[in-house]
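Peer 1:
In my numbering, the protein residues as written are 2 to 140.
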C-alpha cells in the first residue's frame, strides 16, 4: 500500500477555510466578488502553485546532482479556465526562468524532461486532466 496523505480543513467564516498540511496552515478564500474576503488564495490557483513547487524541487535536485550552477530560478505557471461550469483548466503552461551557463543548457533541458516524464507526480496527475506545455527562458 502507498503513502497516505491526510489533511484537515476547517471553515473559518465567510468563504474561508484553513487547511493544515504537515503542521503548516494555509488560508483558502475567494475574492470579494465571489463572496470572500480575499484572505488567501483560491483552490484552483493553489493547484498551479503545487505544480510549480513539485517540478521546481525536481529541477533543483537534478541540477544539484549534475553539479550545475544556476541563479535566478523562478517558475511561472499559467492556466486557462473554461467558461462553462464546472470551470476547470483546459490547458496549462509551465515556464522555467533561469540564469545558467550556456554550456549547461542541455542539462537544464534534461532536468525538465526528467521532471515532466518521471518525477513530478503533480504534473503527472494534472496532465491526465489537461495538456501542460513546458518551456525554458534563459536569463
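Backbone N, C-alpha and C fix where the C-beta goes; we use that ideal spot for every residue, glycine too.
(1) Let me know if residue 89 comes out buried or exposed under the rule of 16 or more other beta-carbons within 10 Å of its beta-carbon.
(2) Could you please give me the residues that DSSP links to residue 138 through a beta bridge?
(3) Closest to residue 109 by CA distance: which of 118, 97, 83, 4 is it?
(4) Please give the ranges of any beta strand (DSSP E) in the stretch 4-77, keeping only runs that are unbroken, at least 3 residues long and fully inside the region.
(5) Looking at residue 156: is its Cβ nearer than 8 Å to the Cβ of residue 61?
(6) Distance, Cα to Cα, residue 63 vs residue 55?
(7) Using CA atoms only, rank isn't needed, just tell me which of 105, 122, 132, 112 is closest to residue 140.
Peer 2: Looking at the atomic coordinates:
(1) Exposed, because fewer than 16 other Cβ atoms sit within 10 Å of the Cβ of residue 89.
(2) Note: residue 138 sits in a beta bridge opposite 98.
(3) The shortest Cα separation from residue 109 among 118, 97, 83, 4 belongs to 97.
(4) Those beta strand (DSSP E) runs which fall completely within the stretch 4-77 and span 3+ residues are 9-14, 17-22, 25-29.
(5) Because the chain is modelled from 2 through 140, residue 156 falls outside the range shown and cannot be assessed.
(6) Answer to the nearest angstrom: the Cα atoms are 12 Å apart.
(7) From the listed residues 105, 122, 132, 112, the smallest Cα separation to residue 140 is found for 105.
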